[in-house]
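Student: According to mature numbering (1 follows the signal peptide of the UniProt record, and there is no 0), the residues represented by the sequence shown are -21 to -1, 1 to 1141, in order.
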Amino acid sequence: MEALWKICFMFLGALLGSTVAVRNCDVKLPDKCYTVPDNSLGWSEARSKCQELGGDLAVLESEHVRDAVNVLAKSGAKLWIGLRKPHGNGRPLWVETTIPYKENKAYPWARSPSSDAECVMGVGNNEHVFEWQFSDCRNAESFLCEVTESDDALHIVKRKTNKAKSTRRTHRNPSVDNILRINRDLNLFQGDIKLTEEQERRHSAGMPILSNHEKRGITTNDYLYWPGNVVHYVFDEETTSEGSPISEFGRGIIRDALDDLEAETCLTFTEGVADNYISMFNGGGCWSYIGKIGGKQELSLYDGNSGSCWWEGIIQHEVLHALGFFHEQSRYDRDDYIEIKWDNIKSGTEGNFAKEYNMNLQSTMYDYGSLMHYGLYDFAIDPALPTMVMLQDYDGEVGQINGLSLTDIVEVNGIYSCYEGPGWSEWSAWSDCTQTCGGGSQDRYRTCGDESCEGSNIDTRTCMIVGCPQFTGYIYDGCWILPESLPSLEGTGNPHLDGEYATRTDKALKCASAATHVEELYFALGDGGACYAFSDYGLLTSAGSSDECVEGLGTENSIDVYQLQTFTCPFGNPYEFEGDMVFCEVPDGGPVVPFLDSCPGGYSCTHVSGDTDDPISVCCPIRYCGDVCGGVIEERLCYCDNLCHSWGDCCPEYIDDCAETANCYGSGDPHYKTFDGTYYDYQGECEYILMTDGCNDQSKFAVIVDNDLTSPGSTVTYTKQARIEVYDMVIELLPLKEVKIDGTTVYPPITMNYLTIKDVGLYLVVNIGYGFRVSWDGWSVIRVDLVSDYLEKVCGLCGWFNNNPDVDFVTSAMELTSDVYVFGNSWETIEECIPEEGGSDSYSDVTDTTRRFVDVGPCDLNSQNADQALDICTSLIGALPECAGTLPPEVFIDACKMDLCDSLPGDEAGGCAVLASYVALCQNEGIVISDWRYNTACEIDCPVNMIYKTCGPACPATCDEPNPVGECTTQCVEGCFCEDGLIFDTGGICIPQSSCGCYKKETRYLFGEQLPNGDTCNCEFPDTVCSGCHFYEVHMDKANWETAKANCEANNGRLAKLNTKAIWNLVRRFIMDNGYSNVLKGFWFGLDDIITEGQFVWSDGTPLLPGDFTKWARNQPSSKPLKAAVQDCVQMWDRRGLKWDDDKCVKEKGYICEYDNACFEP
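(1) In angstroms with no decimal places, state the Cα-to-Cα distance between residue 240 and residue 384.
(2) Short check: CB of residue 247 to CB of residue 213, under 9 angstroms?
(3) How many angstroms separate the CA atom of residue 1074 from the CA atom of residue 675?
(4) Check each candidate in 926, 346, 574, 105 and name the one with the smallest Cα separation from residue 313.
(5) In the DSSP output, which residue or residues are listed as bridge partners for residue 106?
(6) Please state if the CB of residue 530 and the CB of residue 442 are separated by a distance shorter than 9 angstroms.
(7) Between the stretch 909 to 929 and the stretch 707 to 726, do three or more beta carbon pairs fall short of 8 angstroms?
(8) Report yes if the C-beta distance between residue 388 and residue 243 is below 9 angstroms; otherwise report no.
(9) In the DSSP assignment, find the alpha helix (DSSP H) that holds residue 594 and state where it starts and stops.
(10) From the DSSP secondary-structure annotation, give me the bridge partner or partners of residue 219.
(11) Measure the CB-CB distance between residue 1079 and residue 877 and report whether it falls below 9 angstroms.
(12) Can you list, in chain order, the stretches of the alpha helix (DSSP H) that have 4 or more residues and sit fully within the stretch 482 to 550?
(13) Is the beta carbon of residue 331 closer than 9 angstroms to that of residue 266?
(14) Alpha carbon to alpha carbon, how far is residue 728 from residue 737? Give it in angstroms, no decimals.
(15) Kindly list the residues whose CB is nearer than 7 angstroms to the CB of residue 532, restricted to its own chain and excluding five residues on each side of it in sequence; keep chain order.
(16) Counting only runs of 4+ residues fully inside the stretch 772 to 812, write out the alpha helix (DSSP H) ranges in chain order.
(17) For residue 61, which three-state DSSP category applies?
(18) Would you check if there are 3 or more beta carbon pairs closer than 8 angstroms linking the stretch 266 to 285 to the stretch 294 to 313?
(19) In three-state DSSP terms, what is residue 271?
(20) Who pairs with residue 686 in a beta bridge, going by DSSP?
(21) Beta-carbon within less than 6 angstroms of residue 364's beta-carbon, same chain only, minus the 5 sequence neighbours each way: which residues are those?
(22) Might you give, ordered along the chain, the residues of its own chain that have their beta carbon closer than 6 angstroms to the beta carbon of residue 772, omitting 5 neighbours on each side?
(23) To the nearest angstrom, report how far apart residue 679 and residue 747 are at their CA atoms.
(24) Could you check what DSSP says for residue 1142 in three-state terms: helix, strand or coil?
(25) Can you tell which of 670, 698, 652, 640 has its C-alpha closest to the C-alpha of residue 663?
(26) Restricting to runs no shorter than 3 residues, where is the beta strand (DSSP E) found entirely within the stretch 253 to 333?
(27) Is DSSP giving residue 386 helix, strand or coil here?
(28) Is it the case that the Cβ atoms of residue 646 and residue 837 are separated by a distance below 9 angstroms?
(29) My output table needs one value for residue 587: the three-state DSSP class, helix, strand or coil.
(30) If you draw a straight line from the alpha carbon of residue 987 to that of residue 1108, how long is it in whole angstroms?
(31) Following the continuous beta strand (DSSP E) through residue 456, name the residue where it begins and the one where it ends.
(32) Check the DSSP bridge columns for residue 422 and list the partner residues they point to.
(33) Using a 10 Å radius around the Cβ and a threshold of 16 neighbouring Cβ atoms, would you call residue 623 buried or exposed?
(34) Give me the Cα-Cα distance between residue 232 and residue 278, rounded to the nearest whole angstrom.
(35) Can you look up residue 465 in the DSSP assignment and give me helix, strand or coil?
(36) Between the beta-carbon of residue 1017 and the beta-carbon of residue 1059, is there less than 9 angstroms?
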């Protein structure tokens, strides 16, 4: 997760002696101050300057310190740090020599750091993270000082709470989604509000939680607000089942957040106990009560595996609740500003969008940018669609947790009567512009101390009207006083500057090109557009910042400054042709540039500038994902987004690339192998946790198996099915490899963010993205592969993973036992299950690392089958001598014999599951296995167009991923694979790649789908692989459904099959663009449930299945029995934006035919 912070930069003139100018802490940690002085110096000079301030160049050995200073890592920022490689070789050394540099630690080095230079700087990347690289120690750069806040140093660098807004630079925090995700398992009002017992009673009765005289402003009841504007708080020191103390690091962040709240209001936050006080602790989520409830009042700020509330904006959000504030979207006037999309809100969460009619709005405007506003997609069923739609224009972020908005400040000050005089107060400072280019707005506010005020309390003006960057990148740096010696490009003959600047168009764009032409790093606009260019940032700091700028074009005495940026890729350099950068996506009407419609192999079209409507993209190398494996960064080639997570999150198919992985499995009746290599049998009949990370804390994931008797009266069980609980969803792995997600059947291959589900050989393979994958054979074998980062973090039937088999049998109570039944029974998930009982707690040693429980089994009950079973199993495993030196064959012969004793005499294949596990583990060690199944009871008949392979790829080619990459392409998986020349498509069928559709910018499009350039995937499309195309014809002559169907079929077509979102959008846009929906109110297409009520079938005879694409209008199809019985045909319904609706087939409407002999051109 990319952490986005808001940081206030302050320039405070201070003197050390009479010469040393310093400024305030840019980053404040307990007892430490990190500051960036206003100088650009070489490394040694920079260190001397830091020492003059009472510190040294910053030592960033600690990960939490690195995370904290990343708030300074705007893209392209460069800072010397206290790390240097002596004499140009050997191990780098910190300036604090008592702190070692650790060679095997995962430091944030750039992918290819230069080794020639000696000194280290942090360079901000596009993800606002400092990457380290070596640089020439003589280069004049900015630098980061670290000062310990002793009494001697406090007079040099001192944190000032009244921050100067004119010099703020914003770095975004996480969004409000972080709060909701952390709180997802908690029963809280509106996602993060704890209710008192009385409020719970009112809420349960459907009443407002506050009575009519209790308002958001809390102006009528003294017991609901904090008297004297003083809020007392403490940090709870007790550890209980509800939570634990907040660390010193977290307390420092909280104190800073409260200091900032004090600076904006007349409130005072005092640390210490009082009659009424807030007790802050690290509880199970981010939550608070509403207003003062009296006595000790808890406020939870969680930090742990599920995320963190320790961000300034989140802390202030919860404190505002404690001051009496509800969420902004709860305002009773919100319907004038947002539309709630009730049909996309998760069931049971609708109450989070209830209005609060007792809120005191204080005559303020609705504030999309409020710290108290939800994000537009929160609580969504379909996360790609919003739950709230803005009804008015707003350019900022909705759901931000950066800090208080101006309206928030005005409302807090109004509630707590911070302005008491008659009439209007003074205007507040102007807010930051909502945009840094392209035109935005600024607001300022005032408050009224009585009822005599006339006019508005808000004033708005436009700002930053300068053009946004296009083919020369730049970012806004701020407003500064015009230095006397700043070099001007006006009148220099620069080819990019035309005419007088006062009448010049596109002033910022042209000045950026002019500055690039003379190879400067910054450009500035002054006096309404005069162009300046320079590289010495010290010219600005010597002149000082200004607050005069408004439009981005400077004023007579001030300049708007911009930093030039070249278009950079997340990793590596953009693709070039004959020395020029090549673009793959440009806005219409832009200048002529080198352009490729599709990037060459090894490159991906990557958005680097512009906006979503007019993106600018270049060809970037397919990025390397730096995952942390055993504390060491491993790089592996893969397609990833801009976030790179630990434990294989970025590239889940690459978990085996980590230095250490382990596997656990259950097979046959069932025989288990733990992560640490213990083999055991357990014949419980219930649901059990096979593996979970919830051993001592909240669980992020769990794998659960459902074990049932092999047959009525049998003494043994098998794994009938399994499920994975992860990402707030349930993935069911059912018999015959059927798979469901949250109850809906899906058809592999499936890709959902970091989750992938593929049918690979014998197994259904689920890559989770948390560093493990699950393989299921659809009958009895389940296997989990796990990275070594989870040592001492997972438990269950797979054992306590700690590389020590002697302590494998740890129960759910985290107690060690030697009894396999006590161990197994403890992991039951259903209380009603009958615990399995054994006759002995002794073990027979098979090898030093394996144990098997001795008890009455199938061979004891069916002794007549024992000899035949032993002969079959010995023969099968004996045919694999290459595995005997790696795995204990006697363990598997024993297990195979047990399973065959249960299945004989009727089924000689009873031991095949155990043998398949033996082969898989053997291949996992790199041993080549021949066709061990041939001419045995274990032989496999493959479906049509498939062949059996003992060693097929773990990630075979599919239509969605025709060219898989990585180690998985060379890993062995047994099973049925596509014949040569064919690849897998949805549903596990094999087809020619030419039947997959079109490929554009590494993305597959089905025939008829719209491509990014507006064309349609069809036979005629250049540079694609096609084998057919479709034509959609909209008929305006009205007909009933049967007649429409007959008309289409008479022309060798059919009523249209709109079975993908792209096709539905294509036809819908065609109808709307041509105004057809203004003439007819509905259009039949090829979907009906005429034969069986509720079972919809397409015009080509294929059923509409759960999980398939649909676009039903709200409350459709009809569920009322009388209506459903007569409404059997489906239309595109104009009243609901041409969404789907079932209607009476006898009605006459327009209709849409589909043919496969031409191409639809909208």
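Note that the Cβ used here is the ideal one computed from N, Cα and C, for glycine as well.
Tutor: According to the structure data:
(1) What you label residue 240 is simply residue 261 of the sequence shown in a count that begins at 1. What you label residue 384 is simply residue 405 of the sequence shown in a count that begins at 1. Roughly 11 angstroms separates the two Cα atoms.
(2) The residue you call residue 247 lines up with position 268 of the sequence shown. The residue you call residue 213 lines up with position 234 of the sequence shown. In this structure, residue 213 does not lie closer than 9 angstroms to residue 247 by Cβ.
(3) Within the sequence shown, residue 1074 is the residue found at index 1095, counting from 1. Within the sequence shown, residue 675 is the residue found at index 696, counting from 1. The alpha-carbon atoms of residue 1074 and residue 675 are separated by roughly 46 angstroms.
(4) As a working note, residue 313 is residue 334 in the sequence shown. Residue 313 has its Cα closest to that of 346, out of 926, 346, 574, 105.
(5) Position 127 of the sequence shown, counted from the first residue, corresponds to residue 106. For residue 106, which the question treats as bridged, DSSP gives no partner whatsoever.
(6) By one-based count along the sequence shown, residue 442 stands at place 463. By one-based count along the sequence shown, residue 530 stands at place 551. Taking 9 angstroms as the Cβ cut-off, residue 442 and residue 530 qualify as a contacting pair.
(7) no
(8) For the purposes of this step, residue 388 is taken as residue 409 along the sequence shown, with counting starting at 1. For the purposes of this step, residue 243 is taken as residue 264 along the sequence shown, with counting starting at 1. Going by C-beta atoms, residue 388 is nearer than 9 angstroms to residue 243.
(9) In the sequence shown, counting from the first residue as 1, residue 594 sits at position 615. It is not in any alpha helix (DSSP H) - residue 594 instead sits in the beta strand (DSSP E) that spans 594 to 600.
(10) Sequence index remark: in the sequence shown, residue 219 carries index 240 (1-based). Residue 219 pairs with 222.
(11) Within the sequence shown, the letter at position 1100 stands for residue 1079. Within the sequence shown, the letter at position 898 stands for residue 877. The answer is no: Cβ separation not under 9 angstroms.
(12) 486 to 496, 517 to 522
(13) In the sequence shown, residue 266 corresponds to position 287, counting from 1. In the sequence shown, residue 331 corresponds to position 352, counting from 1. No, the Cβ-Cβ distance between residue 266 and residue 331 is not below 9 angstroms.
(14) Translated into positions along the sequence shown, residue 737 becomes position 758. Translated into positions along the sequence shown, residue 728 becomes position 749. Each residue's Cα considered, the two are about 5 angstroms apart.
(15) Here the question's residue 532 lines up with position 553 in the sequence shown. Same-chain partners within the cutoff: 445, 486, 504, 507, 508, 539.
(16) 799 to 805
(17) Residue numbering aside, residue 61 sits at position 82 when the sequence shown is read from its first letter. Residue 61: strand per DSSP, three-state reduction.
(18) Segments in contact, yes.
(19) As a first step, residue 271 is located in the sequence shown; it is residue number 292 there, counting from the start. Here residue 271 sits in coil by DSSP.
(20) For the purposes of this step, residue 686 is taken as residue 707 along the sequence shown, with counting starting at 1. Residue 686 is bridged to 698.
(21) To locate residue 364, count along the sequence shown from 1; it is residue 385. These residues qualify, in order along the chain: 323.
(22) Stepping through the sequence shown from its first residue, residue 772 is reached at position 793. Only 672 meet the Cβ criterion.
(23) Along the sequence shown, one-based indexing puts residue 679 at 700. Along the sequence shown, one-based indexing puts residue 747 at 768. Whole-angstrom Cα-Cα distance: 11 angstroms.
(24) There is simply no residue 1142 to check, as the chain begins at -21 and stops at 1141 in what is shown.
(25) Along the sequence shown, read from residue 1 onward, the residue named residue 663 stands at position 684. Cα-wise, what sits closest to residue 663 is 698.
(26) 256 to 260, 265 to 267, 275 to 280, 317 to 319
(27) Within the sequence shown, residue 386 is the residue found at index 407, counting from 1. Helix.
(28) As a working mapping, residue 646 is identified with position 667 in the sequence shown. As a working mapping, residue 837 is identified with position 858 in the sequence shown. In this structure, residue 837 does not lie closer than 9 angstroms to residue 646 by Cβ.
(29) Walking along the sequence shown from the start, residue 587 turns up at place 608. Residue 587: strand per DSSP, three-state reduction.
(30) The residue given as residue 987 occupies position 1008 in the sequence shown. The residue given as residue 1108 occupies position 1129 in the sequence shown. If you take the alpha carbons of residue 987 and residue 1108, they lie about 23 angstroms apart.
(31) As a position in the sequence shown, residue 456 is number 477, starting the count at 1. 452 to 460 is the span of the beta strand (DSSP E), which, as asked, contains residue 456.
(32) Within the sequence shown, numbered from 1, the residue matching residue 422 stands at position 443. In the DSSP output, where bridge partners are listed per residue, residue 422 has 439.
(33) Against the sequence shown, residue 623 aligns to sequence position 644. With a pLDDT of 39 at residue 623, under the threshold of 50, the modelled position of this residue cannot be trusted; read the value that follows with caution. Buried, by the Cβ-count rule.
(34) Within the sequence shown, the letter at position 253 stands for residue 232. Within the sequence shown, the letter at position 299 stands for residue 278. Spanning the two alpha carbons is a distance of roughly 15 angstroms.
(35) Taking the sequence shown and counting its residues from 1, one reaches residue 465 at position 486. The answer is coil: DSSP assigns residue 465 none of H, G, I, E or B.
(36) As a first step, residue 1017 is located in the sequence shown; it is residue number 1038 there, counting from the start. As a first step, residue 1059 is located in the sequence shown; it is residue number 1080 there, counting from the start. In contact: residue 1017 and residue 1059 (Cβ atoms closer than 9 angstroms).
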